[in-house]
Amino acid sequence: MELWQMNFSALIDNFGELTVTGFTQGAIYALVALGYTLVYGVLRLINFAHSEVFVTGTFAAILTFRLVGVGADEAVPSAAIVIAAIAAATVAAMAASGATALVVERVAYRPLRKRNAPPLVFLISAIGASIAISEAFGVFYSRDNVPVGNLIDPSTQFEIFGASITNLQILIVVVAFGMMILLDTIINRTRLGRGIRAVAQDPDAAALMGVNKDRVIAWTFVLGGLMAGVAAVLYDLRFGATKFNAGFLLGLKAFTAAVLGGIGNLRGALLGGLLLGLIENWGQAVIGSSWRDVIAFVFLILVLMFRPTGLLGESLGRARA
Numbered sequence: 001m002e003l004w005q006m007n008f009s010a011l012i013d014n015f016g017e018l019t020v021t022g023f024t025q026g027a028i029y030a031l032v033a034l035g036y037t038l039v040y041g042v043l044r045l046i047n048f049a050h051s052e053v054f055v056t057g058t059f060a061a062i063l064t065f066r067l068v069g070v071g072a073d074e075a076v077p078s079a080a081i082v083i084a085a086i087a088a089a090t091v092a093a094m095a096a097s098g099a100t101a102l103v104v105e106r107v108a109y110r111p112l113r114k115r116n117a118p119p120l121v122f123l124i125s126a127i128g129a130s131i132a133i134s135e136a137f138g139v140f141y142s143r144d145n146v147p148v149g150n151l152i153d154p155s156t157q158f159e160i161f162g163a164s165i166t167n168l169q170i171l172i173v174v175v176a177f178g179m180m181i182l183l184d185t186i187i188n189r190t191r192l193g194r195g196i197r198a199v200a201q202d203p204d205a206a207a208l209m210g211v212n213k214d215r216v217i218a219w220t221f222v223l224g225g226l227m228a229g230v231a232a233v234l235y236d237l238r239f240g241a242t243k244f245n246a247g248f249l250l251g252l253k254a255f256t257a258a259v260l261g262g263i264g265n266l267r268g269a270l271l272g273g274l275l276l277g278l279i280e281n282w283g284q285a286v287i288g289s290s291w292r293d294v295i296a297f298v299f300l301i302l303v304l305m306f307r308p309t310g311l312l313g314e315s316l317g318r319a320r321a
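One point on numbering: in full-length UniProt numbering, the residue at position 224 of the sequence shown is 224, and numbering is uninterrupted.
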């Protein structure tokens, strides 16, 4: 694209709105990225089935919305029903995603670890699990979009520098940051967190010190799944529907965010997710929405050219509060 075809005025005129939208989207990326960075920090392996762990949560949330009586064609319910529905859907999505992550660990990872399989075999196993889960949802739901239902009518609550902040955007950012703080606290302040950091730093030494490595690894997958479950509910609320392959592109973006921030670093995943959301939105205003996904991955390449370890390239085993 020629330089004079770039619409910088669109970025300047809508900078506030683009920033708020990008920040909201980036918060969802960051939550999903936590699962990638947790598993990599402990096993030095990429769980490419994590995107389907996320998708499982989106379907579990929608099923819960239906069970509590929130349908796609109904009017927006009262505030009490909305709160109850979102709370129930969040619990269900976290349970479904956490359980799916645990099954992936038990089926696609643990048997291979027992046999000391090479990293490439883990990668193939994870991709196979990813495709199997995705296609199962595709068969069950006929590959159609599954609507969420009318839960929240976005309305402006206040403005910052001319940008309208809606109730839905506030909910997404507050919940996402709350979960990130909770996970960071678990990793840095609890016995389980010490076990995770010990295995990440030196699994053999951790085992000699009495740490149950298999249990710690299983909990690492579950914690990533729980974060993905929360992200799934926020995704449903933001986009209003899900699909069997909804996790493919979002999973790639979340993985990109993890690498961008420094994979293996929890706070790096947060930084990478937020930064990726912002860059996407700013870039699409300048060169067009059709270039949105190109912008994200080109930005990753540019950052890694100058900082191969990512922006906060610190291992999980050395993480400190």
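Cβ coordinates follow ideal geometry from the N, Cα and C atoms, glycine included. Values in this document were obtained by computation on a predicted structure and should not be read as measured data.
task: Answer yes or no: do ALA163 and GLY16 have a C-beta to C-beta separation smaller than 8 angstroms?
output: Here residue 163 refers to the residue found at position 163 of the sequence shown. Here residue 16 refers to the residue found at position 16 of the sequence shown. Yes; because the gap between Cβ atoms is below 8 angstroms, this pair is in contact.
task: Only counting runs of 3 or more residues, tell me where the beta strand (DSSP E) segments fall wholly within the region 123-163, in order along the chain.
output: 156-160
message: Please return the same chain residues whose Cβ sits closer than 6 angstroms to the Cβ of VAL53, not counting the five positions on each side in sequence.
response: Residue mapping note: residue 53 aligns to position 53 of the sequence shown, counting from 1. So the list reads SER97, THR100, ALA101, GLY225 and ALA228, once near-sequence residues are dropped.
- request: Have a look at MET94 and THR166 and give me their C-alpha separation to the nearest angstrom.
  value: In the sequence shown, the residue the question calls residue 94 occupies position 94. In the sequence shown, the residue the question calls residue 166 occupies position 166. For MET94 and THR166, the distance between alpha carbons rounds to 25 angstroms.
query: From ILE196 to LEU208, what does the alpha carbon distance come to, in whole angstroms?
result: What you label residue 196 is simply residue 196 of the sequence shown in a count that begins at 1. What you label residue 208 is simply residue 208 of the sequence shown in a count that begins at 1. Taking the straight line joining both Cα atoms gives about 14 angstroms.
Contacting residues, own chain, Cβ-Cβ under 6 angstroms from VAL82 (five flanking each side not counted): Within the sequence shown, numbered from 1, the residue matching residue 82 stands at position 82. Closer than 6 angstroms at the Cβ level, and outside the excluded window around VAL82, lie LEU151.
message: Quick check: what's the CA-CA separation for ILE131 versus GLU159?
response: In the sequence shown, the residue the question calls residue 131 occupies position 131. In the sequence shown, the residue the question calls residue 159 occupies position 159. Their Cα atoms are separated by approximately 43 angstroms.
field: Buried versus exposed, by CB contacts within 10 Å (16 or more), MET179
entry: Along the sequence shown, read from residue 1 onward, the residue named residue 179 stands at position 179. By the neighbour-count rule (16 or more Cβ atoms within 10 Å), MET179 is buried.
- prompt: Helix or strand or just coil, what does DSSP make of ILE46?
  reply: Counted from its first residue, the sequence shown places residue 46 at position 46. ILE46: coil per DSSP, three-state reduction.
- prompt: Does the Cβ of SER134 have 16 or more other Cβ atoms within 10 Å, making it buried, or fewer, making it exposed?
  reply: Looking up residue 134 in the sequence shown gives position 134. That one is buried.
Rounded C-alpha distance that separates LEU312 from LYS114: As a first step, residue 312 must be located in the sequence shown, where it is residue number 312. As a first step, residue 114 must be located in the sequence shown, where it is residue number 114. In a straight line, the C-alpha of LEU312 is about 32 angstroms away from that of LYS114.
- prompt: Excluding the five sequence neighbours on either side, which residues of its own chain have a C-beta within less than 7 angstroms of the C-beta of LEU278, listed in chain order?
  reply: Indexing the sequence shown from 1 puts residue 278 at position 278. These residues qualify, in order along the chain: THR19, GLY22, PHE23 and GLY26.
task: Kindly indicate which three-state DSSP category ALA241 falls into: helix, strand or coil?
output: Along the sequence shown, one-based indexing puts residue 241 at 241. Note: ALA241 maps to strand in three-state DSSP.
Length of the line joining the Cα atoms of GLY272 and LEU31: The count along the sequence shown starts at 1 and reaches residue 272 at position 272. The count along the sequence shown starts at 1 and reaches residue 31 at position 31. The alpha-carbon atoms of GLY272 and LEU31 are separated by roughly 11 angstroms.
message: Output needed for ARG292: all residues of its chain with C-beta closer than 6 angstroms, excluding positions within five of it in sequence on either side, in chain order.
response: Within the sequence shown, numbered from 1, the residue matching residue 292 stands at position 292. Answer for ARG292: GLU280 and GLN284, listed in chain order.
task: Would you mind sorting PRO308 into buried or exposed? The rule is 16 or more other CB atoms within 10 Å of its CB.
output: Within the sequence shown, numbered from 1, the residue matching residue 308 stands at position 308. That one is exposed.
Sub-8 angstroms separation of TYR36 and ILE28 beta-carbons: Reading the sequence shown from its first residue, position 36 is the one you call residue 36. Reading the sequence shown from its first residue, position 28 is the one you call residue 28. No, they are not a contact pair.
query: Within this structure, are the beta carbons of ALA246 and THR58 separated by less than 8 angstroms?
result: Residue numbering aside, residue 246 sits at position 246 when the sequence shown is read from its first letter. Residue numbering aside, residue 58 sits at position 58 when the sequence shown is read from its first letter. Their beta carbons are under 8 angstroms apart, which means ALA246 touches THR58 by this criterion.
task: Enumerate in chain order the residues of its own chain whose CB-to-CB distance from MET6 is below 7 angstroms, with the five nearest sequence positions on each side excluded.
output: For the purposes of this step, residue 6 is identified with residue 6 of the sequence shown, where counting begins at 1. The answer, listed in chain order, is VAL286 and ILE287.
message: Could you tell me the alpha carbon to alpha carbon distance between LEU120 and VAL222, rounded to whole angstroms?
response: Numbered from its first residue, the sequence shown carries residue 120 at position 120. Numbered from its first residue, the sequence shown carries residue 222 at position 222. Approximately 23 angstroms between the Cα atoms of the pair.
query: DSSP on ILE186, reduced to helix/strand/coil?
result: The residue you call residue 186 lines up with position 186 of the sequence shown. Of the three classes helix, strand and coil, the one that applies to ILE186 here is helix, per DSSP.
task: Can you grab the Cα-Cα spacing for the pair GLY240 / PRO147, in whole Å?
output: Against the sequence shown, residue 240 aligns to sequence position 240. Against the sequence shown, residue 147 aligns to sequence position 147. Between GLY240 and PRO147, the C-alpha separation is close to 6 angstroms.
field: 8 angstroms contact criterion, which ALA61 and VAL104 should meet: CB distance rounded
entry: Locating residue 61 in the sequence shown gives position 61, where the first residue counts as 1. Locating residue 104 in the sequence shown gives position 104, where the first residue counts as 1. That pair is no contact at about 19 angstroms.
task: Leaving aside the five residues before and after ILE127 along the sequence, list all residues of the same chain whose C-beta is less than 8 angstroms from its C-beta, in chain order.
output: As a position in the sequence shown, residue 127 is number 127, starting the count at 1. So the list reads PHE48 and ALA49, once near-sequence residues are dropped.
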